[in-house]
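Visitor: If you read the protein sequences in the order shown, they are chains F and L. Residues in the first sequence are numbered consecutively from 5, following the numbering used here. Residues in the second sequence are numbered consecutively from 50, following the numbering used here.
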Amino acid sequence: MKFVYQHLKIKADSPEKTADLLSSHTQEVERILPVGIKASGVITGQVISVKKHPNADRLNQLEVSIKEKILTILTSATVHENDKVAVATVGSSVITVNRQDINTQIDSRKMTTISRQTIRGITSEGMLCGEDELGLSESASHGVMILPPDTPLGLPLEKIFPVKQIIETDDKGTAHRSDLLSYRGIEQELAAILGQKINTEELESPKELRSPNIQASIEATDGCRLFLTALINLPSNKFSPKWLTEFLTDNQIKTINLATDITNYVMLTEGYPTHAFDASTITGNKVSVRYAAENETVQTLNHREYKLKKTDLVIADSEKPLDLAGIIGGEKTAISDQTKQILLTCALFDPIHIRRTSQSFGIRTEASARFERGLSTAAAINGFNKALRLILDLSDGQLIDLRITGDDKQDRVNIKTKTAEIRSLLGKNIDDQKIVTILKNLNFDIEIADGNLNIICPWWRQDVRDWQDIAEEVARIYGYEEIPRTLPSLLYDQTKEWSLKQDFQIVRKTAAEFLYEVQTSSMVSLGNKDAIRLANPIGDKKFMRQNLTDGLIQLTIKKYREGFNDFGCFEVGHIYVKDQPLKFAAALVAKQAQAKNLLGIIFHRLGLDYRLITFQTNDQTKTVINYKKTAVGEFKATWQAPIWIFSWELDMQLLNDQQKQNGRFKAYSRLPKIKRDLAIVLDKNIDYGTVVKMIEKQSSLISKISLFDEIDNYNGQNNFRSLAFHLEFSDEKRTLQNEEINVIIQNIEENLKNKLKAVIR
Amino acid sequence: MINQDQFDNLLVEAENEINNGADAAVLYHKYLGRNGKFSTMIKQITTLKTDERKVVGEKAKIIKNRLNYLLQIKTSSNQPSIDLTLPADLTAHGHQHPIETSIARLYQISERLGFVAAQSPEIENEDNNFEFLQIAKDHPARDMQDTFWTVDGRVLRTHTTAFQQNLIKNNHPPFAFVQGGKIYRCEAEDATHLSEFHQFDGFAVAKNLTFADLRGVLFQLIQDFFLRPVELRFRPSFFPFVEPGAEIDMKCFSCTGRGCRSCGYKGWLELLGCGITDQEIIASAGLDPKEYHGLAFGLGVERFAMLYYGVEDIREFTRNDPRFLEQLV
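1. Which class does His730/F belong to by DSSP, given the choice of helix, strand or coil?
2. Does DSSP classify Pro19/F as helix, strand or coil?
3. Please list, in chain order, the chain F residues whose beta carbon lies closer than 7 angstroms to that of Phe366/L.
4. Taking C-beta pairs closer than 7 angstroms, name the residues in chain F that Val61/L reaches, listed in chain order.
5. Does the Cβ of Phe712/F have 16 or more other Cβ atoms within 10 Å, making it buried, or fewer, making it exposed?
6. Along the segment 237-264 of chain L, what residues have a CB closer than 9 angstroms to any CB found in chain F?
7. Let me make sure I understand the geometry here. Which of Thr627/F, Glu223/F and Ala762/F has the alpha-carbon closest to that of Asp321/F?
8. Got a sec, what are the start and stop residues for the alpha helix (DSSP H) Thr271/F sits in?
9. Between Cys573/F and chain L, is there a C-beta pair that is closer than 8 angstroms?
10. Got a sec, what are the start and stop residues for the alpha helix (DSSP H) Ser97/F sits in?
11. Is it a yes or a no for the segment 341-356 of chain F touching the segment 296-312 of chain F, going by three-plus beta-carbon pairs under 8 angstroms?
12. For Asp362/L and chain F, any beta-carbon pair shorter than 8 angstroms?
13. Anyone know if the C-beta pair for Asn418/F and Ala196/F falls short of 8 angstroms?
14. Select from the segment 644-675 of chain F all residues with a C-beta closer than 7 angstroms to any C-beta belonging to chain L, and list them in chain order.
15. Between the C-alpha atoms of Ile110/F and Ala43/F, what's the straight-line distance to the nearest angstrom?
16. To the nearest whole angstrom, what separates the beta carbons of Gly95/F and Thr117/F, a pair I think is in contact under 8 angstroms?
17. Does the distance from the C-beta atom of Gly572/F to that of Leu592/F stay below 8 angstroms?
18. Would you mind sorting Arg725/F into buried or exposed? The rule is 16 or more other CB atoms within 10 Å of its CB.
19. Between the segment 149-172 of chain L and chain F, which residues of the former have CB atoms less than 8 angstroms from a CB of the latter, in chain order?
20. Using only alpha-carbon positions, find the residue among Thr621/F, Trp652/F, Ala599/F and Met527/F that is nearest to Glu575/F.
21. Based on the DSSP output, what are the partners of Pro58/F in its beta bridges?
22. Could you give the residue range of the beta strand (DSSP E) that holds Lys290/F?
23. List, in order along the chain, the chain F residues whose C-beta lies closer than 7 angstroms to that of His78/L?
24. Identify whether Thr253/F lies in helix, strand or coil by the three-state DSSP scheme.
25. Does the CB of Glu175/L have a neighbour CB from chain F at under 8 angstroms?
26. Does the beta carbon of Asn369/L come closer than 8 angstroms to any beta carbon on chain F?
27. Check for me: the beta strand (DSSP E) holding Ala345/L runs from which residue to which?
28. Taking CB distances under 8 angstroms as the criterion, tell me whether Ile487/F reaches chain L.
29. Given this structure, state the Cα-to-Cα distance separating Cys228/F from Gly410/F, to the nearest angstrom.
30. I need the boundaries of the beta strand (DSSP E) containing Ile67/L, first residue and last residue.
31. What number of angstroms, rounded off, separates the C-alpha of Trp247/F from the C-alpha of Asn174/L?
32. How would you label Trp471/F, buried or exposed, when you count the other beta carbons within 10 angstroms and need 16 or more for buried?
33. For Ser80/F, which residues of its own chain have a beta-carbon under 8 angstroms away from its beta-carbon, when the five flanking residues on both sides are left out?
34. Could one say the Cβ of Thr199/L lies closer than 8 angstroms to chain F's Cβ atoms, at least one of them?
35. Taking Cβ to Cβ, would you say Asp400/F is nearer than 8 angstroms to Leu235/F?
36. Quick one: what's got a C-beta closer than 8 angstroms to Gln168/L's C-beta in the same chain, skipping five residues either side?
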């Protein structure tokens, strides 16, 4: 909310200091804005005569008195004799608006110095100003500004519109406190921060005065607890006094007529929205708070018509809704300066009802913002009393009828706590006296005995409900920054750690040596029948992803086309199938062997034996990655001319479940190894894995098998390929003899010949 | 019999050959190889008496070191030249994502402070995400977060705070957990907003934790993350699940508080929300809220990363451009 510094009754020495205090103790101040006149040299004047310019159709020739002399001024605006106006005399500066840039900010406007100008034979000795030219309004104003009739002549306008500062608070952080949307609430805070106490009077319900002229009722009892009405005869509803118009103008609220101005004033100062209807528009001497009938309509002050639902609250007469309750007034029932009788209403609406209706129609008003936060019975009585008293006082009006409908019982929350409990929560030794003073300055009624506090909360603090809230009040006013910083020794149980955390970091670090770690969206546009669907998607991303690879492959293709020729990426993230598992997926433009190498390195770093990875192609589309006998993921090759993109997706939990090799030393042989080479030619369709398995089976002395050459279509034979291996033999306990190895090699060769139809090269 | 002079002569002989430009490898083999001259001589030392053996042995050691030294110099004078100023080529192109790196750093820092890493699902039930944290159906606090809903009535978690219910119901205090992960808000993306981004949450419950502890823990966490001295301001703020609640501002790096574009002319940067856990949450686990106090905080990882790396457009994090990723270590 915006507060004009000059209108705050309690404040620090400067707007900046005040803003600082509010930020540190109550709610953040967004900014401080200066408001007031920006033009200079403009003075007040009065129009003496108006006549048409003899040679120009659209111009009026005026005589304007500025007290010591009378000026001739030409204007295209419509003014009347005796109007009080703001006159920019020769030499003064005003703000000129570039009319093409009418919607842009004031920054794009510039100061212009007024000079004598002769148009078709008549010289103009000045200009009449509008609000925008004075810098009082940021939007283009309509015509010249007419000042109140009691304005003295020849007065510099700075005297009437002094520069003031608006302190704008950020309400989002204090959505629980309706009191902070009022001057009284902010003043109460500042008083406590500054160590002062505002004396408050006991709040009493108004006295009823019943007449046959009007009846009131609440039909929607769960939507409205209390309904206060006053029927008032108004001798005149025209002008508000200067202090009131000034207050509203400073607060950037348009002055309309006395009764409306007062309800706006009460809303800003007391924080309670009240509303006045033109009593002559009410049919049937009856008003009630009820639910709208389905499809009933109401025209409102924002010149719109709303089709209502059965859950929307309205204040209605015997025929029609008069307004959209708690949100916006009705257009037809609005009071004007001709209104002779008003019905002032003040209702305590249920926040949830107001919120629903306001959201469903997309209208948020000053009133709805306050009701949504939750207001109290006492606040309603206070708002009603203030508005009623002001209307009667300022208009010499006559009260005809006053009714209290519903429950006007005020209940104030009682909290019992101990000062020691507050201290133990805050971690600061604030003494009893200090605690009591803070709470008293916030207008809590308080009794203390032996550190036991018996507290009655002020009626405007709906948000304070328990001892912890009291501790917060003390901490806030005492100052969060006055509380020390300590480091607790948190006892923690390392076994409770997220089981995949170590693996997660290992995989990320290893993969990032070769691939870019990326983040792709969890929401996708394609999904099968089992996919989790979003009820309110943005655009066509209707599904939660069921795998990571699709997104990564798309990204890789995109980056390849952008010119990153050897792009590769990976992501460790969740997919949204049952249990929302964590997956590690990658996609890369590379040779197949590179992709598999990388996979091997990652397994190795995870403490898994990369030699135990096998690939099993079940059908054309799917290759399963097995570790030992467990399927831990999928491998995929995608042809996107002119490149192959290899990708995989592994399940982090399944990898984690595998037995790790690390941490256990296994003795290795220090005796000499014997190395032999073996080269064979065999049917292309027999895979590497089969060959290796067959070789391994022949002897336990084989300690390492490594492929060092692979030739497809060996010697022009289409269906054959050549594989060449290094074989290593060793034993822990003895030195091997050439002879025994020769036997093993022979066996291997025999087996390969017989079982795989291989030819030894 | 072998004696000291023979070793001296060997050295002289070898020095001559080295100076005459013989190949270092050949000389090494000739003198210090397994069957080289030195080895042949040293084998004879076993025939000496103990006291002589000691004297000759000392000499042999000196000669051997000298020979080694001379041959090493000889070898290195023959090596091909290298240009150390040539640029290095990163053959492996890869890089960690700055958001994941930031989360990993936050885990590391909070672990030093005594927290343990935890995880909770991204698709949550309403109760964990809202009701348990006292964000009731029509609570104005839901204004702050427009939520993605699944067709079956679950929510994409709007904050990592959603892990609190399971933690407090499944662990007996004292405990202290942190969680980093993805969260979702149903809002349009621009330079400062994403619909999918990351948070890092902390939740500790123990006897007699205090607001002062909260201040200490977060000061340490923030300072360790930004790796420089920071000036912080704790100020009141409202979150339904904490009481007292606070927001932390950090004095702007760029203008040191005078106000500039990066802090929106406020002089302070909003960092995170935190507070003492509301008593109803403590009581829901059957604990006495006057005895057990909870600390809670939640921070936006992207916000931290943007400040740390000096990134101005949050969408960079989801563009996955190598030219962006490569820069941020």
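C-beta: ideal position from N, C-alpha, C; glycine also. It should be emphasised that the depicted structure is a prediction, and the values quoted were computed from it without experimental measurement.
Guide: In short, the structure shows the following:
1. Strand.
2. helix
3. Gln523
4. The contacting residues do not exist; Val61/L stays about 39 angstroms from chain F at best.
5. exposed
6. Ala237, Glu238, Ser244, Glu245, His247, Ala253, Ala255, Asn257, Leu258, Thr259, Phe260, Ala261, Asp262, Leu263 and Arg264
7. Glu223/F
8. Here residue 271/F is Met; the residue named in the question, Thr, does not match the sequence. Looking at the DSSP string, the run of the alpha helix (DSSP H) that includes Met271/F is Leu262 to Glu274.
9. It does; some Cβ of chain L falls within 8 angstroms.
10. That residue, Ser97/F, is in no alpha helix (DSSP H); its beta strand (DSSP E) goes Lys88 to Thr100.
11. no
12. no
13. no
14. none
15. Residue placement at Ile110/F is poorly supported in this model, since its pLDDT is 42, which falls under 50; the coordinates still yield a value, given next. For Ile110/F and Ala43/F, the distance between alpha carbons rounds to 13 angstroms.
16. 7 angstroms
17. In terms of Cβ geometry, Gly572/F and Leu592/F form a close pair [threshold 8 angstroms].
18. By the neighbour-count criterion, in which 16 or more other beta carbons inside 10 Å mark a residue as buried, Arg725/F falls on the buried side.
19. Glu149, Ala153, Tyr156, Leu162, Gly163, Phe164, Val165, Ala166, Ala167, Gln168, Pro170, Glu171 and Ile172
20. Trp652/F
21. In DSSP, Pro58/F forms no bridge with anything.
22. Lys290 to Tyr295
23. Neighbours of His78/L on chain F: none; closest Cβ ~22 angstroms, over 7 angstroms.
24. helix
25. no
26. yes
27. Annotation: the continuous beta strand (DSSP E) that includes Ala345/L extends over Tyr341 to Gly349.
28. yes
29. 8 angstroms
30. According to the DSSP assignment, Ile67/L belongs to no beta strand (DSSP E) but to the alpha helix (DSSP H) extending over Gln53 to Asn68.
31. 54 angstroms
32. Counting Cβ neighbours within 10 Å, Trp471/F comes out buried, since at least 16 surround it.
33. Arg62, Leu63 and Asn64
34. Yes, contact with chain F.
35. no
36. Excluding sequence positions up to five before and after Gln168/L, its CB lies within less than 8 angstroms of the CB of Phe212, Gln228 and Gly230, all in the same chain and listed in chain order.
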